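Report on the structure given below.
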Amino acid sequence: MVKHDPLLDIPTELLLNILSFLDVDALYTCQHTSRFLRDLIASSSELQYIIQCGIAQVVDNPAAPIAATDRLALLRARERHFADVNASWKCTIPVTFRPAGLYELSGGLFWLGEHSRQALRFVELPLEPLADGAPPPRWARLPLPNPSKSLIIDFGLAIEEHDLAVMATFTWNTPTPSHNGVVGLEFLSVSTQQRHPRAKGPFEVRQSSWGLPHIILEIVGDNLIFIVGFNFGPDQPEDHVYVYEWRTGVQKMKITAPWHTYFGAVFLTTDTFMLPNTHESTLELWTIAPGRTAPTVTLQLVRLPPNVYLRHITARGEPNPTVYPRRKDPRVAFSPSAPDSIIVFHLSFFPGPNRQFLLFIHRRALIALLRTHEAETVPYAAWAPDVCRWVNATGVVMDWITTTSGQRCVLLPVRRPAPLITLDFNAHKDRARSSRRGPPPKKKVDWLDPADDVLMGLNLATEPVASRLPCVFEVSAELFSSYMGASMDDARIIALKKDLARQVQAVDVLYFG
1 MVKHDPLLDI PTELLLNILS FLDVDALYTC QHTSRFLRDL IASSSELQYI
51 IQCGIAQVVD NPAAPIAATD RLALLRARER HFADVNASWK CTIPVTFRPA
101 GLYELSGGLF WLGEHSRQAL RFVELPLEPL ADGAPPPRWA RLPLPNPSKS
151 LIIDFGLAIE EHDLAVMATF TWNTPTPSHN GVVGLEFLSV STQQRHPRAK
201 GPFEVRQSSW GLPHIILEIV GDNLIFIVGF NFGPDQPEDH VYVYEWRTGV
251 QKMKITAPWH TYFGAVFLTT DTFMLPNTHE STLELWTIAP GRTAPTVTLQ
301 LVRLPPNVYL RHITARGEPN PTVYPRRKDP RVAFSPSAPD SIIVFHLSFF
351 PGPNRQFLLF IHRRALIALL RTHEAETVPY AAWAPDVCRW VNATGVVMDW
401 ITTTSGQRCV LLPVRRPAPL ITLDFNAHKD RARSSRRGPP PKKKVDWLDP
451 ADDVLMGLNL ATEPVASRLP CVFEVSAELF SSYMGASMDD ARIIALKKDL
501 ARQVQAVDVL YFG
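So the sequence shown is numbered by the UniProt record's numbering: it starts at 1 and just counts up by one.
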């Protein structure tokens, strides 16, 4: 006797609504329970879109007035274009001013600093091809509120969460410019180009007798991480890491460390962050708590030989987690998931001029380590081999760290003409590739498939390194001669054209969807 399936009694519209609350793994399971559910899920554009979002590890934007069928088509097209490293269209935006070495890519805006360090410039990146004969997008200008005795050292953005740009400033306290001054913070609204209405600032942070410091600035929710260190100074001044509540200017934490310790910071969650420690060759995982002066967990990097030192390590992961709802562009149907995003580390070793490496770790892997260890120092072999991917970056442009978005990274080889290379750390993509019959297509960049001894082979480690984090890499068919650097966000690769003086003269926007 055939048993009656009670699912058949539920109206189709109601059943589809129930299934829409499931994640991709649960929907996969449902598809294998009965032919009825398999056919129902396969016939629903909304459920197929949920599945594709789970596979691509993107988050839907409910504010976008786009039908599920169109969202699904947009997502599939974007994944196809990125998989082929073949943009659907391209436009060029001239740089009509003399830029400084300041840059950022966030919220659909590309930023450069002016050479005078008196203002920032930004341009809205197009979402559609420019019409024939249409002018390129124009650069907007965000000036320093009090430029007479101040310079912009660096800046940080939280546009989608707060409409916020924070300028780190240096104001000299002498009649003429000098090495003596004050490091401070200015808080500006991007939309109004005025001081931000919800910030108490500007305020002073640190006195300096050593000129302009190097700066790291990250904002998530109400928290702002501000690292101040100095490249020069005969007395080697300490590095300071400040955690502020940016709205009120209240200092929650202050961390001090020896000179040249910290060159990067990444929020893991809205109340935890990671500091790469150059002196100790570790990754410090911190919980934001008033008065805290020691990391919650310390992860040791690979052991180095006695004559080898870590010269520099910095890190970046996009997008950041958020406390408040993102102000997403309603024209954008989806965006990368912050917890699933990859963090890229730039490392250089001493001695030797060309000992540069990239290290990739998922943000969620560090979050898991923070939750499973407490007040511990964890050896490299105990945490790293399965969650790390090392790449020898000697032949890669390393001037820009805004090279990741979600689980993708873009690389540009130094030797030109060169292809654009994408790395995708999405485990779904790796499993899909592994399930295909036959060998993978031959690539032109064998150095992206490192052996476990990627460092040991160069006498830079005294223990097996391992590099088992899965990665799918693709190479563009087109070669580029004029690109000197590349950045990316969730929809675009931004390629930079420089003149003979290495000044950025134009930006190519390669749109993938």
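Glycine included, C-beta positions come from ideal geometry on N, C-alpha and C. What you are looking at is a predicted structure, and each value in this text was computed from that prediction instead of being measured.
- Using the DSSP secondary-structure output, state which residues sit across from GLU204 in a beta bridge. Here residue 204 is taken as the residue at index 204 of the sequence shown, counted from 1. The partner list for GLU204 (beta bridge, DSSP) reads GLY184.
- Message: Going residue by residue through the region 113-143, where are the continuous beta strand (DSSP E) segments of at least 3 residues, counting only ones entirely within it?
- Response: 119-124 and 140-143
- Query: How would you call ILE18, buried or exposed, if buried means at least 16 neighbouring beta carbons within 10 angstroms?
  - Reply: In the sequence shown, counting from the first residue as 1, residue 18 sits at position 18. That one is exposed.
- Query: From which residue to which residue does the beta strand (DSSP E) around ILE313 run?
  - Reply: To locate residue 313, count along the sequence shown from 1; it is residue 313. Taken as a continuous stretch (DSSP letters only), the beta strand (DSSP E) holding ILE313 covers 309-317.
- Quick one: any contact between the region 339-359 and the region 395-413, if contact means 3 or more CB pairs under 8 Å? yes
- Task: Give a yes or no on whether the C-beta atoms belonging to CYS409 and LEU420 are separated by under 8 Å.
- Result: For this step, residue 409 is matched to residue 409 along the sequence shown. For this step, residue 420 is matched to residue 420 along the sequence shown. In this structure, LEU420 does not lie closer than 8 Å to CYS409 by Cβ.
- Taking C-alpha atoms, which residue in MET398, VAL166, ALA375 and TYR28 lies nearest to ARG292? The residue you call residue 292 lines up with position 292 of the sequence shown. ARG292 has its Cα closest to that of ALA375, out of MET398, VAL166, ALA375 and TYR28.
- Item | C-beta contact flag for ILE216 and PHE170 at 8 Å | By one-based count along the sequence shown, residue 216 stands at place 216. By one-based count along the sequence shown, residue 170 stands at place 170. Their beta carbons are not under 8 Å apart, which means ILE216 does not touch PHE170 by this criterion.
- Task: Out of SER476, PRO306 and GLN505, point me to the one whose CA is closest to ALA461's CA.
- Result: Within the sequence shown, residue 461 is the residue found at index 461, counting from 1. Ranking the options by Cα distance to ALA461, first place goes to PRO306.
- Message: Quick check on the DSSP output: the alpha helix (DSSP H) that includes THR25 runs from which residue to which?
- Response: Numbered from 1 along the sequence shown, position 25 holds the residue referred to as residue 25. A quick correction: the sequence has Asp, not Thr, at residue 25. Unbroken alpha helix (DSSP H) run through ASP25: 24-31.
- Message: Taking the straight line between their C-alpha atoms, what separation do you get for ASP239 and GLY181?
- Response: Working through the sequence shown from its first residue, we reach residue 239 at position 239. Working through the sequence shown from its first residue, we reach residue 181 at position 181. Roughly 17 Å between the two C-alpha positions.
- Query: What does PRO413 pair with, by DSSP beta-bridge criteria?
  - Reply: Position 413 of the sequence shown, counted from the first residue, corresponds to residue 413. Its beta-bridge partners are VAL396.
- Query: Which runs of the beta strand (DSSP E), 3 residues or longer, sit entirely within the region 237-325?
  - Reply: 239-245, 250-257, 266-269, 272-277, 282-287, 297-300 and 309-317
- Task: Pull up the distance between the alpha-carbon of GLN52 and that of ALA67, whole angstroms please.
- Result: In the sequence shown, residue 52 corresponds to position 52, counting from 1. In the sequence shown, residue 67 corresponds to position 67, counting from 1. Rounded to whole angstroms, GLN52 to ALA67 spans 15 Å at the Cα level.
- Message: My output table needs one value for THR69: the three-state DSSP class, helix, strand or coil.
- Response: The residue you call residue 69 lines up with position 69 of the sequence shown. Three-state result, THR69: helix.
- Compare the beta carbon distance of PHE230 and PRO237 with 8 Å and say whether it is the shorter of the two. Position 230 of the sequence shown holds residue 230. Position 237 of the sequence shown holds residue 237. A contact, by the Cβ cut-off of 8 Å.
- Tell me whether the beta-carbon of VAL397 lies closer than 8 Å to the beta-carbon of LEU358. Working through the sequence shown from its first residue, we reach residue 397 at position 397. Working through the sequence shown from its first residue, we reach residue 358 at position 358. In this structure, LEU358 does not lie closer than 8 Å to VAL397 by Cβ.
- Message: So, at 8 Å on beta carbons, what are the nonlocal neighbours of LEU142 in its own chain, with the 5 sequence-adjacent residues on each side left out?
- Response: Counting from one through the sequence shown, the residue named residue 142 turns up at place 142. So the list reads ALA119, LEU120, ARG121, PHE122, ALA165, LEU188, VAL190 and GLN193, once near-sequence residues are dropped.
- Query: What are the boundary residues of the alpha helix (DSSP H) that ILE50 is part of?
  - Reply: Locating residue 50 in the sequence shown gives position 50, where the first residue counts as 1. It spans 45-56 - the alpha helix (DSSP H) in which ILE50 sits, taken as one unbroken run.
- Can you list the beta strand (DSSP E) stretches of 3 or more residues lying completely in the region 144-171, in chain order? 150-158
- Task: Use the C-beta contact count for ASN277: other C-beta atoms within 10 angstroms, 16 or more gives buried, fewer gives exposed.
- Result: Sequence index remark: in the sequence shown, residue 277 carries index 277 (1-based). So ASN277 ends up on the buried side.
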